[in-house]
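Below is one structure, written out as structure tokens; comments come after it.
2 protein chains.
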Amino acid sequence: MENEFIIKGNFYYCDEKRELVEKTGSYCIVRDGISEGLFDRIPKEYAGLPVRDYSAFLIIPGLIDLHTHAPQYTFRGLGMDMELLDWLNTYTFPEECKYSSLKYADSAYDIFVRALKNSYTTRAVIFGTIHAPATLLLMEKLERTGLITQVGKVNMDRNAPAYYVETTEKSICETEAFLKSAQKYLRTKPILTPRFIPSCSDKLLAGLGEIQQRTRLCVQSHLSENRSEIEWVRELCPDAAFYGDAYDRYGLFGNNCRTIMAHCVSSGDEETERMAHNGVFVAHCPASNMNLSSGAAPVRRYLERGIRVGLGTDVAAGSSLSVASEMVSAVQASKMRWRYVSQDKPLSLEDVFYMATRGGGEFFGQVGSFEKGFEFDALVIDDSGAESALKFNDRDRFLRSVYLEKECRLEAKYVRGSEIRLGA
Amino acid sequence: MENEFIIKGNFYYCDEKRELVEKTGSYCIVRDGISEGLFDRIPKEYAGLPVRDYSAFLIIPGLIDLHTHAPQYTFRGLGMDMELLDWLNTYTFPEECKYSSLKYADSAYDIFVRALKNSYTTRAVIFGTIHAPATLLLMEKLERTGLITQVGKVNMDRNAPAYYVETTEKSICETEAFLKSAQKYLRTKPILTPRFIPSCSDKLLAGLGEIQQRTRLCVQSHLSENRSEIEWVRELCPDAAFYGDAYDRYGLFGNNCRTIMAHCVSSGDEETERMAHNGVFVAHCPASNMNLSSGAAPVRRYLERGIRVGLGTDVAAGSSLSVASEMVSAVQASKMRWRYVSQDKPLSLEDVFYMATRGGGEFFGQVGSFEKGFEFDALVIDDSGAESALKFNDRDRFLRSVYLEKECRLEAKYVRGSEIRLGA
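Protein chains in written order, with my numbering: chain G, 38 to 461; chain D, 38 to 461.
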């Protein structure tokens with residue numbers, strides 16, 4: 038009985054054409070974590086099920102964060118005065134190094150995990166550090182929240198400071214140990230995580246490619262984020278046709294390997310074609326890309342090419358875990374791109390809502406909608422704090438709940454049909 | 038005694054060179070609303086004064102909002118799918134028209150004023166609607182908060198829908214009546230407010246120029262925001278050398294008339310020179326400019342030319358009253374401009390902190406610092422909600438309080454030495 042119930046309320050989601058669907062006063066039948074679809078009335082065969090009535094609220098699919106760095110949550114809001122490579126050396130590597138201490142990891146990850154649990158995010162794909170023990174501790178904490186995540190122990194064996202680098206052998210060996218220990222979780226899965234090409238030797242990539250072949254695990258990394266980084270990759274990998282090719286040569290770029298590439302701000306035509314062909318997921322991180330002066334990714338072009346795009350908060354280059362705020366930034370960045378770079382139509386709120394739900398959700402399977410067969414991830418949003426003298430129609434209430442997220446409150450949050458216990 | 042006290046705490050402000058000054062564990066002597074300066078110890082002559090101890094918190098000057106539209110607060114977060122001119126006709130004019138009803142104005146302005154009172158803003162320059170009674174009601178409510186503001190009854194006699202336009206005569210006549218009634222407030226002053234050139238005939242501008250000469254009131258309007266608007270002004274005013282010249286011909290563009298021009302996204306060299314020469318204040322509204330696809334104003338160029346620049350939230354093209362969030366947007370927009378438009382150095386957090394405090398504060402006089410002689414406007418910020426495993430130095434605590442404003446809490450707020458009663 039616990040596994041079957043009915044949620045009543047005002048539902049909003051995107052259909053596969055990226056159009057907003059509003060179903061107010063509807064009923065969603067949830068069985069074993071899966072939606073049986075939305076109904077105007079309770080169908081006879083479900084008449085006895087308990088009804089949770091959220092009529093006063095808005096219900097949207099849980100938001101998906103395709104790219105964020107858990108260890109960097111400690112210094113969010115700092116270091117916004119540099120571009121990528123300097124930022125990594127000045128702020129990021131010294132901080133990530135601290136997670137060699139499990140004591141530090143314990144206190145830092147407590148704060149990160151609590152913030153993620155209480156956010157609009159239901160599923161996330163997360164970078165840890167190079168340390169397997171700290172990353173397993175992070176997974177342990179995430180597992181207890183009820184959220185569904187994939188978490189990576191980071192691999193890096195070159196071009197990093199001596200205090201924060203692995204030998205190739207140790208990197209592979211610790212990854213194997215990490216994967217073995219990480220098998221015990223239900224909702225928290227490991228993901229292969231080469232940091233980015235500058236940090237990974239060919240030998241390391243080959244080793245990770247071999248592990249991927251054997252385990253069929255997913256892969257996450259960074260791609261074509263910042264000009265100086267791209268130039269550096271060109272020098273480091275003269276044989277690669279383009280940045281993404283340097284991953285693809287080792288089987289770490291889509292195809293039979295489910296892959297997320299963060300950023301893709303400056304991917305050229307060849308790289309774009311390869312992403313489309315290989316089914317690579319792009320994690321679009323617009324706030325981070327503005328903060329590090331990287332630019333605005335050509336998302337319209339990716340969507341039109343049929344590339345799968347989700348959103349990422351990219352803490353700490355992004356300063357918050359809010360995917361809703363990332364939706365707003367994505368629209369803004371696309372308008373700046375339209376104004377100054379190309380005539381591609383700016384992203385609409387429907388486009389970014391799609392990306393934040395179904396777009397990123399597809400990485401996890403049938404996720405990001407209330408249609409029949411989708412896993413039931415839902416946010417029940419109390420928008421009464423976003424005061425106005427106006428009475429809004431349903432679509433406008435939804436729009437406001439995105440732009441005015443900070444004035445709204447999460448009444449309840451479900452992941453795969455289970456309610457998350459919000460708060461401390 | 039009430040008028041003399043000491044504030045103890047960790048102070049942050051910008052000096053006139055736009056450099057951040059930190060004075061932790063310091064004492065600010067406040068007499069009759071004015072700072073006597075910051076001291077490491079309490080000077081002997083002030084030894085008997087009561088001390089308010091905010092040692093656990095951060096203290097920064099109150100933030101200044103040089104440009105926002107009170108009647109538009111009702112629909113913040115909506116209508117982000119259009120550029121300026123369509124947005125005005127579709128969303129803005131129909132909404133502003135409703136303020137012909139004092140009942141509507143009463144309920145809408147209650148919400149706006151409460152939000153402003155509880156925000157980081159201590160002083161603001163505000164557009165009302167064309168309706169004198171509603172705008173006076175807004176002033177009445179603002180006066181009770183203790184904030185210091187200037188508020189304008191909007192003038193518009195052409196190129197507006199029939200339901201929301203005035204005759205030239207009525208516009209002038211109602212302005213005179215408005216100014217007369219508005220004299221009674223201590224902290225809430227009227228400001229002349231021609232909407233923008235497309236809405237104001239030459240005759241109306243001449244009339245307002247005449248009133249300005251007589252009253253020495255300040256002026257606020259919009260300038261060079263959006264491409265289609267600028268093109269339209271060129272058609273409407275073939276004799277004006279540039280957009281701003283159309284104001285200047287009627288004495289409404291600086292010089293002996295203290296003037297704020299919002300936006301200035303696309304001001305050319307001639308217009309920039311005139312702004313510098315006339316001492317016009319630019320209200321930079323970066324979030325609004327991104328939301329309406331206008332672009333990013335060349336703020337670095339303005340600062341280097343010695344033009345006075347403050348920040349504006351521009352609700353409802355901006356979706357919140359947060360000047361701190363505008364600081365973040367200003368840095369981001371300048372980075373996008375650096376990446377795609379020109380090699381002007383992006384704005385630093387010091388630059389935007391200056392603009393949010395002293396830059397905008399100068400419009401009100403000696404405002405925006407804790408140096409001797411400045412009016413004591415202060416925010417006491419509790420940053421303990423912005424959790425982290427790290428211990429931060431004082432500068433970093435300050436930076437975080439800007440980027441993570443939503444995780445912080447206002448412990449107290451002072452305007453000209455008086456504490457504001459926060460809450461409902």
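Built from N, CA and C at the ideal position, the CB exists for glycine as well.
Item to complete: At 7 Å on the CB atoms, spell out the chain D contacts of Arg-437(G), in chain order.
Response: Indexing the first sequence from 1 puts residue 437(G) at position 400. Those are Gly-114 and Leu-115, listed as they occur along chain D.
Along chain D, in chain order, which residues have C-beta atoms closer than 7 Å to that of Gly-85(G)? On the first sequence, position 48 is the one that residue 85(G) refers to. Under a criterion of Cβ atoms nearer than 7 Å, no residue of chain D is adjacent to Gly-85(G); the nearest Cβ is some 40 Å distant.
Next item on the list: May I ask you to list, following chain order, the residues of the segment 339-370 of chain D that have a beta carbon less than 7 Å from some beta carbon of chain G?
Entry: Those residues of the segment 339-370 of chain D that come within reach of chain G (Cβ to Cβ, closer than 7 Å) are Ser-356, Val-368 and Gln-369.
For Met-176(G), three-class secondary structure by DSSP
On the first sequence, position 139 is the one that residue 176(G) refers to. DSSP places Met-176(G) in helix when its eight states are reduced to three.
Complete beta strand (DSSP E) runs within the segment 56-95 of chain D (minimum length 3 residues, chain order): 57-68 and 71-76
Notebook entry, point to check: Under a CB-based cut-off of 8 Å, is Asn-328(G) close to chain D?
Noted result: Working through the first sequence from its first residue, we reach residue 328(G) at position 291. Chain D contact via Cβ: present.
Name, please, each residue of chain G whose Cβ falls closer than 9 Å to the Cβ of Ile-148(D). Counting from 1 along the second sequence, the entry for residue 148(D) is found at position 111. By Cβ distance, chain G contributes Glu-424, Ser-425 and Ala-426.
Query - Cα-Cα separation, Met-117(D) to Asn-328(D) - result: Reading the second sequence from its first residue, position 80 is the one you call residue 117(D). Reading the second sequence from its first residue, position 291 is the one you call residue 328(D). Roughly 6 Å between the two C-alpha positions.
- Query: Which residues of chain D have a Cβ atom closer than 7 Å to the Cβ of Pro-170(G), listed in chain order?
  - Reply: Translated into positions along the first sequence, residue 170(G) becomes position 133. One finds nothing in chain D with a Cβ atom closer than 7 Å to the Cβ of Pro-170(G); even the nearest lies about 16 Å away.
Residues of its chain near Gly-246(D), where Cβ-Cβ distance is below 6 Å and the 5 sequence neighbours each way are ignored: Your numbering for residue 246(D) matches position 209 in the second sequence. Tyr-287, Gly-288 and Leu-289, listed in sequence order.
inquiry  = Does Cys-294(G) come out as helix, strand or coil in the three-state DSSP assignment?
reply    = Within the first sequence, the letter at position 257 stands for residue 294(G). DSSP places Cys-294(G) in strand when its eight states are reduced to three.
- Task: Spell out whether any CB of chain G is found under 8 Å from the CB atom of Gly-494(D).
- Result: Given a span of 38 to 461 for chain D in the structure shown, any question on residue 494(D) remains unanswerable.
- Assigned exposure category for Leu-260(G) - 16 Cβ within 10 Å defines buried: Taking the first sequence and counting its residues from 1, one reaches residue 260(G) at position 223. Buried, since its Cβ has 16 or more Cβ neighbours within 10 Å.
Check: Are any of the Cβ atoms in chain D nearer than 8 Å to that of Lys-372(G)?
Finding: The count along the first sequence starts at 1 and reaches residue 372(G) at position 335. It does; some Cβ of chain D falls within 8 Å.
| Per DSSP, cross-strand counterpart(s) of Thr-230(D) | The sequence position of residue 230(D) within the second sequence is 193, counting from 1. According to DSSP, Thr-230(D) bridges with Val-191(D).
Margin query: In the DSSP output, which residue or residues are listed as bridge partners for Phe-48(D)?
Written below: For the purposes of this step, residue 48(D) is identified with residue 11 of the second sequence, where counting begins at 1. For Phe-48(D), DSSP records a beta bridge to Lys-60(D) and Ile-96(D).
First and last residue of the uninterrupted beta strand (DSSP E) at Arg-160(D):
Translated into positions along the second sequence, residue 160(D) becomes position 123. Arg-160(D) -> beta strand (DSSP E) spans 158-164.
Partner residues on chain D for Ala-107(G), Cβ-Cβ distance less than 8 Å | As a working mapping, residue 107(G) is identified with position 70 in the first sequence. By Cβ distance, chain D contributes nothing, its closest Cβ being about 12 Å from Ala-107(G), past 8 Å.
Is Arg-376(D) close to chain G, meaning its C-beta is less than 8 Å from at least one C-beta of that chain?
-> Translated into positions along the second sequence, residue 376(D) becomes position 339. At least one chain G Cβ lies under 8 Å of Arg-376(D).
Q. Out of Gly-410(G), Ala-354(G), Val-162(G) and Asp-433(G), which has the shortest C-alpha to C-alpha gap to Glu-73(G)?
A. Position 36 of the first sequence, counted from the first residue, corresponds to residue 73(G). Measuring from the Cα of Glu-73(G), the nearest candidate turns out to be Gly-410(G).
| At least 3 beta-carbon pairs within less than 8 Å: the segment 156-171 of chain G vs the segment 393-412 of chain G | yes
Tell me the DSSP secondary structure of Asp-102(G) in three-state form. As a first step, residue 102(G) must be located in the first sequence, where it is residue number 65. Strand at Asp-102(G).
Hey, Tyr-222(G) and Glu-133(G): beta-carbon distance below 8 Å or not? Walking along the first sequence from the start, residue 222(G) turns up at place 185. Walking along the first sequence from the start, residue 133(G) turns up at place 96. Cβ distance not < 8 Å, so Tyr-222(G) and Glu-133(G) don't count as in contact.
Would you please state the rounded distance, in angstroms, between the beta carbons of Pro-276(G) and Arg-311(G)? I believe it to be under 8 Å. Looking up residue 276(G) in the first sequence gives position 239. Looking up residue 311(G) in the first sequence gives position 274. At residue 276(G) the sequence reads Asp, which differs from the Pro that was named. Not really, about 15 Å apart at Cβ, beyond 8 Å.
Q. Does the beta carbon of Ala-393(D) sit closer than 8 Å to a beta carbon anywhere in chain G?
A. Along the second sequence, read from residue 1 onward, the residue named residue 393(D) stands at position 356. No, Ala-393(D) does not count as interfacial toward chain G.
When you compare the CB positions of Asn-326(G) and Ala-370(G), do they come within less than 8 Å of one another, or not? Counting from 1 along the first sequence, the entry for residue 326(G) is found at position 289. Counting from 1 along the first sequence, the entry for residue 370(G) is found at position 333. In contact: Asn-326(G) and Ala-370(G) (Cβ atoms closer than 8 Å).
For this session: Can you have a look at Thr-204(G) and say buried or exposed, based on whether 16 or more other CB atoms are within 10 angstroms of its CB?
Result: Position 167 of the first sequence, counted from the start, is the residue given in the question as residue 204(G). Burial call: exposed.
Review point. Would Glu-412(G) be called buried (16 or more neighbouring beta carbons within 10 Å of its own) or exposed?
Key: Working through the first sequence from its first residue, we reach residue 412(G) at position 375. With 16 or more Cβ atoms within 10 Å of its Cβ, Glu-412(G) is classed as buried.
What is the residue span of the alpha helix (DSSP H) that Tyr-451(D) lies within? For the purposes of this step, residue 451(D) is taken as the residue at position 414 of the second sequence. From DSSP, Tyr-451(D) is part of no alpha helix (DSSP H) but of the beta strand (DSSP E) over 446-452.
Exercise. Measure the Cβ-Cβ separation of Pro-98(G) and Tyr-50(G) and say whether it is below 8 Å.
Key: The residue labelled residue 98(G) in the question sits at position 61 within the first sequence. The residue labelled residue 50(G) in the question sits at position 13 within the first sequence. When the beta-carbon positions are compared, Pro-98(G) and Tyr-50(G) come within less than 8 Å of each other.
Determine the burial state of Pro-198(D): buried for a count of at least 16 other Cβ atoms within 10 Å of its Cβ, exposed for fewer. Locating residue 198(D) in the second sequence gives position 161, where the first residue counts as 1. Pro-198(D) comes out exposed.
Notebook entry, point to check: Based on the DSSP secondary-structure assignment, which residues constitute the bridge partners of Ala-415(G)?
Noted result: As a working mapping, residue 415(G) is identified with position 378 in the first sequence. DSSP, once it has assigned bridges, lists Pro-98(G) and Tyr-451(G) as partnering Ala-415(G).
**Prompt:** By Cβ distance, which residues of its chain are closer than 7 Å to Gly-343(G), with the 5 residues on each side in sequence left out?
**Reply:** Sequence index remark: in the first sequence, residue 343(G) carries index 306 (1-based). Closer than 7 Å at Cβ, skipping near neighbours: Ala-313.
Leaving out the 5 sequence neighbours to the left and right, which residues in its chain are closer than 7 Å to Cys-274(D) when beta-carbon positions are compared? As a working mapping, residue 274(D) is identified with position 237 in the second sequence. The beta carbon of Cys-274(D) sits closer than 7 Å to those of Ile-234 and Ala-283, all from its chain and outside the five residues before and after it, given in chain order.
Item to complete: List in chain order: all unbroken beta strand (DSSP E) runs of 3+ residues lying wholly within the segment 342-417 of chain D.
Response: 345-348
Exercise for review: Quick one: grab the DSSP three-state call for Ala-423(D).
Suggested key: Position 386 of the second sequence, counting from 1, holds the residue named residue 423(D). In this structure, DSSP gives Ala-423(D) a state outside helix and strand, which the three-state scheme calls coil.
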